[in-house]
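Trainee:
2 protein chains.
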Amino acid sequence: MPKESTLLRDGKIVRSEDPLNLEMPFETLDGFITPTKSFYVRTHFPIPKIDKSKWRLRVEGEVERPFETNYDELINLESEKIPVTLECAGNQRNFLEPKVKGVQWELGAVGTAEWTGVPLSILLDRAGVKPRAREVILEGADHGKLEDPKSPAGEVKFARSISLERARKNVLLAYKMNDVDLPAEHGFPVRAIVPGWYAVASIKWLQCIIVTNEPFNGYYQTLDYAFWKRRGDNAELVPISEMQIKAEIARPSEGETVPANSNVRVHGTAWTGDGAIKKVEISSDDGATWNEAKLLGESKPNTWRLWEFSWRTPNRPGKATLIARATDSKGRTQPMERDPDRGTYMINHLLPITVEVR
Amino acid sequence: MPKESTLLRDGKIVRSEDPLNLEMPFETLDGFITPTKSFYVRTHFPIPKIDKSKWRLRVEGEVERPFETNYDELINLESEKIPVTLECAGNQRNFLEPKVKGVQWELGAVGTAEWTGVPLSILLDRAGVKPRAREVILEGADHGKLEDPKSPAGEVKFARSISLERARKNVLLAYKMNDVDLPAEHGFPVRAIVPGWYAVASIKWLQCIIVTNEPFNGYYQTLDYAFWKRRGDNAELVPISEMQIKAEIARPSEGETVPANSNVRVHGTAWTGDGAIKKVEISSDDGATWNEAKLLGESKPNTWRLWEFSWRTPNRPGKATLIARATDSKGRTQPMERDPDRGTYMINHLLPITVEVR
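Residue numbers (numbering that gives the first Met the number 0), protein chains in the order written: chain W, 0 to 357; chain G, 0 to 357.
Given below as C-alpha cells:
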C-alpha cells in the first residue's frame, strides 16, 4: 500500500498538481481492466474545458476534401470497442539512477481500459488522403508556454504525428472509456488511441487531424518524448513510439513483509508493443535462476497480460529480492541494464524489488 | 580596434580555447577576400589530426556502388574554384538580450574565401544514387561527448544533412582555401562548402558521405543548430539552413571616436542566402530616415558585397548611432526586432552601433 505520507486523491498518488499528474498505486492492481477512477492521469497543461456542443474536429492538410465534424456526427459513425493498455513513456522514471528530471512515476503510470470510438481510417477516407501524404498529425486542445530554454518562445499545442500507415491500421478516436463518456482528465470529449504505442501518441482533447507530406517536428515529437538511437558511429533523435516489453510486480510490493517458509502469491502484469506476451519468469536469487509464472486469462492484442507465481519464501527472516522478466512472441525480452541513450523514457530494464521476510 | 583586454591570437579574438573558437575583429575588414589567417574558426571538439596519406572518404548508403576514395584521387578529379561567404549561425550572439548560452560572437564570425574543390555531384554520380534517396549526410572526423542533458549518452560525430537536390546543386568538397591547402582548423584535408547556407552545413574534416531515404536527425541537425518555425497554431523544430540577409558595419566600430561636422567613411559588408544584395542603407537617426550606401565591386553569387557610405557627422559632440540595413534581389530585408523563436541563431535584426562624436 502507498506510504502514509503520500498525498492521495481518489486513491491515486498525486505526482503534481499543476499540471495534474496522478499515478495508480500499482499494488492495487486488481483485474485486467483498470477502473477509470484508478487510471493514471498525465497532463502537460491545464485541462481544457470543452463544451461538447461546441467541440469541432477538423481534418485538413494533404487531403482532397478537408472537413470539420462535431460530436453528434462522430458518435453516429461506425464504432469499435477495444481494450488497450496505455503506458506513459516515463513510467518507472523514479527508479533511474542518477535521478533525472520529469514526473517521478513509480510502477503505476500504466493501465488498461476499454475504449469505444471511431476508427481514424474512416475520417481519413472521408477526407481523401492525397498520394504524397506521409504522416498524420494529431493535435489536442491543450496548450501553453514551456520553460525549457530549447523550447519555442510562444505557445505550443500538444501534438504528435504518426505515419499514415500507422494511422490507417487501428487508431481509434475514442469517446468512451470503460463504457462511459471520457472524463475531462482523460481527454473529453475525444481522445485518440494508438494501440501498442506509448500513451504520448494517444492525444487527448483531440481537435485537429492534419495530414502532411513532411515529417512533423513539433516540440513533443522531436525534442521532448524522443530518444537517441545509434546509427553507425552516430546517434539520431527519434520520436518515442512502440511500448517496450516489460513485466511489473504488483504484490508483494517494495518493502512489503511476507512470512518465511511459506507459499506467497506473486502477481502482476506484462505487456509489449506489437506482439503477445509469451512468458513471464520470476527470479528470487538476483537473476541466477528463473521460474515461469502462470499467464492468466487469454492473450488479447495491444493489452497487458496478468500473471501469477507461487513463491516459496526463504526459511529464514531477512531481505529477499524478486525480479520479473517478460518475453514476447517476437522473442524480445527485457535488458539487464539501462541504455542511457533512452534518456528519461522507455524504462524497461530488469527492476528488482526488495521484500522483508519474517 | 579590439579592446586592449581582449585575448588575441594571430590577430583573432579568442572566444574559447577548448574547443577552439576564434573571431575576426570585424573592424579589420579589408577587402572582398578574407585572408585565411584572419578567417574565423569554429570548432566543437578537438581538431582531428589527419594524415593526408591515410585519409579516406567513403560514399555509402542508398547508392548502387558505394566506394572509398583517397586524397590523391580526389584532387585529380575535375575541380572548381569559387568564392563563398561563410557565416556562423550564431554570429552576433553577443548582442542578444537577455544573454544566451553559446559562443559569444560579435560581428566577426563571418568571412569570404576562395574554395577549390570537387563538386559533390561528381561523387554522387560515381556512386549512383538510388531513386528513393532524399538526403545526403556529410560526416566529419570530429567527435566527442556532449554535456547537454538532452544529448546522447555516448559519443557523437559532427554531421549534418542536406537534401539530395541541394547536394547536387553547387556543393564543393574543398581542399584549398585561398589557393593553399586547408589549414587544420579549417577542416584539413577536405571540407564541404555549402554556398548560401550557414557554415554549420559546411562540414570540416569530411570523412563520410551517406545517402539516405529518411531525414537525418543527428544532434547537430535536429537539436542543436535548429530553430522553431511557426506552423499554424504550433511550432516545429527546423534545421538551420540558408543564411539570413544582413549588413554589418566594419568602421566606425562600436565606441569609436569620429570628428564632428566632417565626412566620415562608413563601410562594411552585406550578404544574403540565395539571392543578391541590391541595396544597403544607412540611418544615423535611429531609423527615421535612410540613405543608400554605395555597393562596391561586382555582385557574385553566394558572397558578401562590400559597401561604403560618406557620413556627414553631427555639428556637436556627443553620441551618435549608425544602423545599416540590407535588401536583396528577392525583396527581403532585415527585421526591426528579434524573433525569439530563432533561439540563439540566425541573428539579423537591425543592430545600431554607437560612436562618439568629438
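We treat Cβ as the ideally placed atom computed from N, Cα and C, and that holds for glycine.
#1: Is H348(W) close to chain G, meaning its C-beta is less than 9 Å from at least one C-beta of that chain?
#2: Is I74(G) helix, strand or coil by DSSP?
#3: At 3 residues or longer, and completely inside the region 210-272 of chain W: list those beta strand (DSSP E) runs for me, N to C.
#4: Could you work out which residues of chain G lie near E134(W), taking near to mean beta carbons separated by less than 9 Å?
#5: Nearest to S15(G) by alpha carbon, out of W104(G), V62(G), F226(G)?
#6: For a cutoff of 9 Å on Cβ pairs, would you count S240(W) as touching chain G?
#7: According to the Cβ coordinates, are V109(W) and W303(W) closer than 9 Å?
#8: Tell me where the alpha helix (DSSP H) around N169(G) begins and ends.
#9: Quick one, which of S201(W), G195(W), A126(W) has its alpha-carbon nearest V58(W)'s?
#10: Are L28(G) and G267(G) close, meaning C-beta to C-beta below 9 Å?
#11: Using a C-beta to C-beta distance shorter than 8 Å, which residues of chain W count as neighbours of K277(G)?
#12: Should the region 244-257 of chain W be regarded as contacting the region 171-184 of chain G, the criterion being three or more beta carbon pairs within less than 8 Å?
#13: Would you check if the region 307-318 of chain W and the region 291-299 of chain W touch, i.e. whether three or more CB-CB distances between them fall below 8 Å?
#14: Does DSSP put A58(G) in a helix, in a strand, or in coil?
#15: Could you tell me which uninterrupted alpha helix (DSSP H) segments, each at least 4 residues in length, are contained entirely in the region 17-68 of chain W, listed from first to last along the chain?
#16: Please return the same chain residues whose Cβ sits closer than 6 Å to the Cβ of Q243(W), not counting the five positions on each side in sequence.
#17: Distance, Cα to Cα, D17(G) vs N233(W)?
#18: Counting Cβ pairs, one atom from each stretch, are 3 or more of them under 8 Å apart for the region 129-140 of chain W and the region 157-173 of chain W?
#19: Within the same chain, show all residues whose beta-carbon is closer than 8 Å to that of R55(W), passing over the 5 residues directly before and after it, in chain order.
#20: Going by beta carbon distance, what residues of the same chain come within less than 8 Å of P182(W), once the five residues before and after it are set aside?
#21: Between P148(G) and chain W, is any beta-carbon pair separated by less than 9 Å?
#22: Quick check: what's the CA-CA separation for A259(W) versus L119(W)?
#23: CA-CA distance, V179(W) and L95(W)?
#24: Cβ closer than 9 Å: which chain W residues qualify as neighbours of E138(G)?
#25: Quick one: what's W306(G) bridged to in DSSP?
#26: In whole angstroms, what is the alpha-carbon distance linking P1(W) and N216(W)?
#27: Are any of the Cβ atoms in chain G nearer than 9 Å to that of M0(W)?
#28: Taking a Cβ distance cut-off of 9 Å, strictly less, list which residues of the region 206-221 of chain G are near chain W, in chain order.
#29: Kindly confirm or deny that the region 347-357 of chain G and the region 319-331 of chain G touch, where touching means at least three C-beta pairs closer than 8 Å.
#30: Give a yes or no on whether the minimum CB-CB distance between P339(G) and chain W is below 9 Å.
#31: Output yes if chain W places a C-beta closer than 9 Å to the C-beta of W227(G); else output no.
#32: Run through DSSP, which three-state label would F360(W) get?
#33: Taking the straight line between their C-alpha atoms, what separation do you get for N301(W) and R341(W)?
#34: Threshold first: 3 residues or longer. Then list the beta strand (DSSP E) segments lying entirely within the region 86-144 of chain W, N to C.
#35: Hey, does H266(G) have any beta-carbon neighbour from chain W nearer than 9 Å?
#36: Just to check my reading of the structure: K228(W) and G274(W) have Cβ atoms closer than 8 Å, yes? What is that Cβ distance to the nearest angstrom?
Mentor: The answer reads as follows:
#1: no
#2: helix
#3: 225-230, 233-238, 245-250, 262-270
#4: Those within 9 Å of E134(W) in chain G number zero; the least Cβ separation is about 11 Å.
#5: W104(G)
#6: no
#7: yes
#8: 163-169
#9: A126(W)
#10: yes
#11: Those within 8 Å of K277(G) in chain W number zero; the least Cβ separation is about 31 Å.
#12: no
#13: yes
#14: The identity of residue 58(G) in the sequence shown is Val, whereas the question assumes Ala. V58(G): strand per DSSP, three-state reduction.
#15: none
#16: M345, N347
#17: 22 Å
#18: yes
#19: E67, T68, N69, Q206
#20: T35, M176
#21: yes
#22: 53 Å
#23: 36 Å
#24: G231, D232, N233
#25: G267(G), L294(G)
#26: Confidence in P1(W) is poor, its pLDDT being 44 and thus under 50, which makes the residue's placement unreliable; the coordinate value appears in the next sentence. Their Cα atoms are separated by approximately 39 Å.
#27: With a pLDDT of only 42 at M0(W), under 50, the local geometry of the prediction cannot be trusted, and the value read off the model is given with reservation. No, M0(W) does not count as interfacial toward chain G.
#28: C207, I209, E213, P214, F215, N216, G217, Y218, Q220, T221
#29: yes
#30: yes
#31: yes
#32: The displayed coordinates of chain W run from 0 to 357. Any statement about residue 360(W) would go beyond what the structure contains.
#33: 23 Å
#34: 109-118, 134-143
#35: no
#36: Not really, about 20 Å apart at Cβ, beyond 8 Å.
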